[in-house]
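Numbering (my numbering), first residue to last: 80 to 465. All C-beta atoms, glycine included, are put in the ideal place defined by N, C-alpha and C. Below: the structure, in structure tokens.
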């Protein structure tokens, strides 16, 4: 729900985003992204459209909700929650599907979008975001991630962010939920009459301002991942009028995607797949996958296939020196230290079986060591205590 009040703002900060934060292409992430299916995205958009106008209390809205649940159950997700609330005398439902992280199970990356529509079938607004979330969940089901991921489909966004407000104010905030980042995807189908080669990455520029700096950093990461894992260009602008805003009001860190060329069919009966740039949506799905893996710190071994890696890394926690003893790995091996904001802080190359890395120039905190070599890839959480 992106309404015209946007144009009443006194300014519109837009700047091109460049890959400047040291983030580099991750071949494992790329392999997952390459498994994205155009047909999967296209077919689900048609299915979403066929469910009709998804207004408050309608059978079409309920059928769409059940359609979502069926896909998650088909893929093997079991942590499926329903957040029920009343609007206009009718029950409405937010759907929350959780994928548990292997290192930080109680810290969440939220990937969200709304599935209700206004006036029309809403194939762009917000069938596109809904289908992208589904494609992300499908491909990440058996990918090990250090942080938990919540795939959330909100209802009643189109009548004033009612579903997301209910979830934040009655579930997330009262429970003190530890949310690393809220990644909202809303209306990303573009204008079929124009060239759609740019996606807007949205950051928090509103009050309260406590999370604005962190939002800017995560949005930079989103832009970088977009250009690494899709063929799209990026612009950075401000977040407004969608389901991340109730989170923003509680000082959660937010970011999001919104189409650069805005559809003239929003909230009309003509919001159909005939006016959606499906190849553009497919590229955004790939960008979403890359960014979600970056935020949640995806690992190269699946949940069901983790094995003992023949190397030693110690001491951990460390203060000044980190020692690495390799076994049978082929040299050289490159390494990177990524901070919890997804930024590469330190990198280098290991050229001997027994090596040491100077950690004295790193600030106290948690880092993720990513090592890559011929036939070898390994990630490990490193705690610096100085």
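Under the three-state reduction of DSSP output, residue 202 falls in the coil class, being neither helix nor strand. In terms of CA proximity to residue 408, 433 leads the group 422, 433, 218, 438. Sequence-distant Cβ neighbours of residue 318 in its own chain, meaning closer than 8 Å and more than five residues away, are 263, 281, 282, 283, 284, 285, 294, 324, 327, 333, 334, 335. In this model, residue 163 and residue 175 are separated by some 11 Å (Cα to Cα). Here residue 424 really is in contact with residue 418; their C-beta atoms are around 5 Å apart, less than 8 Å. Following the DSSP letters along the chain, one finds residue 404 in no alpha helix (DSSP H) but inside the beta strand (DSSP E) bounded by residues 400-405. Less than 8 Å divides the Cβ of residue 399 from the Cβ of residue 439. Secondary structure note for residue 444: its beta strand (DSSP E) is the uninterrupted segment 444-452. If the five residues before and after residue 261 are omitted, its C-beta is found closer than 6 Å to the C-beta atoms of 189, 323, 326, 331, 333, all from its own chain and listed in chain order.
Non-local C-beta neighbours of residue 348 in its own chain, meaning closer than 7 Å and more than five positions away in sequence, comprise 198, 199, ordered along the chain.
With a threshold of 16 other beta carbon atoms within 10 Å, residue 204 meets it and is buried. Judged by DSSP secondary structure, residue 426 falls within the beta strand (DSSP E) whose first and last residues are 423-429. Residue pairing from DSSP places residue 377 in a beta bridge opposite 224.
By the CB criterion at 8 Å, residue 268 and residue 305 fall outside the cutoff. With the rule of 3 Cβ pairs closer than 8 Å, the stretch 241-257 does not count as touching the stretch 208-219. The straight-line gap separating the alpha-carbon atoms of residue 420 and residue 137 is approximately 41 Å. With a 10 Å radius around the Cβ and a threshold of 16 neighbouring Cβ atoms, residue 112 comes out buried. In the three-state scheme derived from DSSP, where H, G and I count as helix and E and B as strand, residue 356 is classed as coil. Per DSSP, residue 301 is not a residue of any beta strand (DSSP E); the alpha helix (DSSP H) it occupies stretches across 291-308.
When secondary structure is reduced to three states using DSSP, residue 246 falls in the helix class.
Here residue 262 is bridged, per DSSP, to 190, 334.
In the assembly as shown, residue 222 is a buried residue. Its beta-carbon has 16 or more other beta-carbons within 10 Å. Residues of the same chain with a CB within less than 6 Å of the CB of residue 402, apart from the 5 flanking positions on each side, are 393, 435 in chain order.
Judged by beta-carbon spacing, residue 143 lies beyond the 8 Å limit of residue 108, meaning their Cβ atoms are not closer than that value. At the C-beta level, residue 149 and residue 234 stay beyond 8 Å of one another.
Within the same chain, and ignoring the five residues on either side of residue 249 in sequence, the residues whose Cβ sits closer than 8 Å to its Cβ are 162, 164. With respect to the 8 Å criterion, residue 225 and residue 460 are classified as neighbours on the basis of their beta carbons.
Annotation for residue 159: the continuous beta strand (DSSP E) segment containing it runs 159-166. Residue nearest to residue 179 within the set 229, 168, 135 is 229 (criterion: CA-CA distance). Between residue 366 and residue 297, the C-beta gap is not smaller than 8 Å, which leaves the two residues out of contact.
In the three-state reduction of the DSSP assignment, residue 367 falls in the helix class. In the structure shown, residue 212 adopts helical secondary structure according to DSSP, grouped into three states.
CA-to-CA, the gap between residue 451 and residue 321 works out to about 39 Å. In the structure shown, the three-state DSSP call for residue 257 is strand.
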